[in-house]
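S.K.: Mind looking over this structure? Questions follow.
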Amino acid sequence: MFELNVVSNTPLGAMTDIETVAETFLTQIGYIPKGYDPKTDAGSVKESVPYRLFMDFFMRNMTKLWAVEELAALMRTTKPTIYRHINKLKSMDILESADVDFDGQNRKGYRIRYGDLRKAWSFTEANVSMAMENYRKTVTHFQTLADEERKNRV
Numbered sequence: 103m104f105e106l107n108v109v110s111n112t113p114l115g116a117m118t119d120i121e122t123v124a125e126t127f128l129t130q131i132g133y134i135p136k137g138y139d140p141k142t143d144a145g146s147v148k149e150s151v152p153y154r155l156f157m158d159f160f161m162r163n164m165t166k167l168w169a170v171e172e173l174a175a176l177m178r179t180t181k182p183t184i185y186r187h188i189n190k191l192k193s194m195d196i197l198e199s200a201d202v203d204f205d206g207q208n209r210k211g212y213r214i215r216y217g218d219l220r221k222a223w224s225f226t227e228a229n230v231s232m233a234m235e236n237y238r239k240t241v242t243h244f245q246t247l248a249d250e251e252r253k254n255r256v
């Protein structure tokens, strides 16, 4: 299932701090909830699991495939926590998966699609376009049904 928050926003091009751009963008798209309060010992969003997962592992090592077990160990958290955040990114169509060798075993690994956020985002945009097209069709159908109901009542 595709899921993404779409909010009116101003491009962040004037910002020069990558950390601020990342936090703002990740909040805007709904990956990090607005007003997020980490339930761990993280003192800020930038120290939280979802932020660090995205920035420290996926963005700063875009071509590497990361096994969930590896990410959980490196981040000192549980596999379910890693899966929860990976699934959010997968629902936005930003991540791709492929087989990776981890500790001598074949595992599923994850990374930014094509190793390039711009290319990955083109999939997200395509999904938004399809979703909006489907909403438009539903609105048109809904209006047609309302018009017919109103016409039949007269």
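Numbering (my numbering), first residue to last: 103 to 256. Virtual Cβ for every residue (Gly too), placed ideally from N, Cα, C.
Kindly give me the distance between the Cβ atoms of Phe104 and Asp249, rounded to whole angstroms, as I take these residues to be in contact under 8 angstroms.
M.R.: Here residue 104 is taken as the residue at index 2 of the sequence shown, counted from 1. Here residue 249 is taken as the residue at index 147 of the sequence shown, counted from 1. The Cβ separation is near 30 angstroms, so there is no contact.
S.K.: Once the 5 residues before and after Met117 are set aside, which same chain residues still bring their CB inside 8 angstroms of it?
M.R.: Here residue 117 refers to the residue found at position 15 of the sequence shown. If we look at Met117 and ignore the five residues flanking it on each side, its Cβ neighbours are Val123 and Thr126.
S.K.: Is Tyr216 near Trp168, with beta carbons less than 7 angstroms apart?
M.R.: Your numbering for residue 216 matches position 114 in the sequence shown. Your numbering for residue 168 matches position 66 in the sequence shown. Cβ distance not < 7 angstroms, so Tyr216 and Trp168 don't count as in contact.
S.K.: From the DSSP output, which residues share a beta bridge with Ile214?
M.R.: The sequence position of residue 214 within the sequence shown is 112, counting from 1. For Ile214, which the question treats as bridged, DSSP gives the partners Leu197.
S.K.: On the criterion of 16 or more Cβ atoms from any shown chain inside 10 Å, does Ile120 qualify as buried, or is it exposed?
M.R.: The residue you call residue 120 lines up with position 18 of the sequence shown. Exposed is the call here.
S.K.: Going by beta carbon distance, what residues of the same chain come within less than 7 angstroms of Lys136, once the five residues before and after it are set aside?
M.R.: Taking the sequence shown and counting its residues from 1, one reaches residue 136 at position 34. Cβ within range, chain order: Thr129.
S.K.: Do you know offhand how far Phe244's Cα is from Lys253's?
M.R.: Reading the sequence shown from its first residue, position 142 is the one you call residue 244. Reading the sequence shown from its first residue, position 151 is the one you call residue 253. Computed Cα separation, rounded: 14 angstroms.
S.K.: According to DSSP, simplified to helix, strand and coil, what is Val256?
M.R.: By one-based count along the sequence shown, residue 256 stands at place 154. Coil.
S.K.: Is the Cβ of Arg213 closer than 7 angstroms to any Cβ of chain B?
M.R.: Reference to chain B is not applicable here, since this structure consists of a single protein chain.
S.K.: Which of the three DSSP states, helix, strand or coil, is assigned to Val202?
M.R.: The residue you call residue 202 lines up with position 100 of the sequence shown. Three-state result, Val202: strand.
S.K.: Keeping to the same chain, check which residues put their C-beta closer than 6 angstroms to that of Leu191; ignore five residues upstream and five downstream.
M.R.: By one-based count along the sequence shown, residue 191 stands at place 89. So the qualifying residues of the chain are Leu197.
S.K.: Give me the DSSP bridge partner(s) of Ala248.
M.R.: Counting from 1 along the sequence shown, the entry for residue 248 is found at position 146. Answer is none; Ala248 lacks a bridge partner.
S.K.: Please return the same chain residues whose Cβ sits closer than 6 angstroms to the Cβ of Met157, not counting the five positions on each side in sequence.
M.R.: The count along the sequence shown starts at 1 and reaches residue 157 at position 55. Excluding residues within five positions, the ones whose Cβ falls inside 6 angstroms are Ala124.
S.K.: From the DSSP output, in three-state form, read off Arg178 for me.
M.R.: Residue mapping note: residue 178 aligns to position 76 of the sequence shown, counting from 1. Residue state, collapsed to three classes: coil.
S.K.: In the DSSP assignment, the alpha helix (DSSP H) including Tyr153 goes from what residue to what residue?
M.R.: Taking the first residue of the sequence shown as position 1, residue 153 is located at position 51. Segment Val151 to Arg154, the alpha helix (DSSP H) holding Tyr153.
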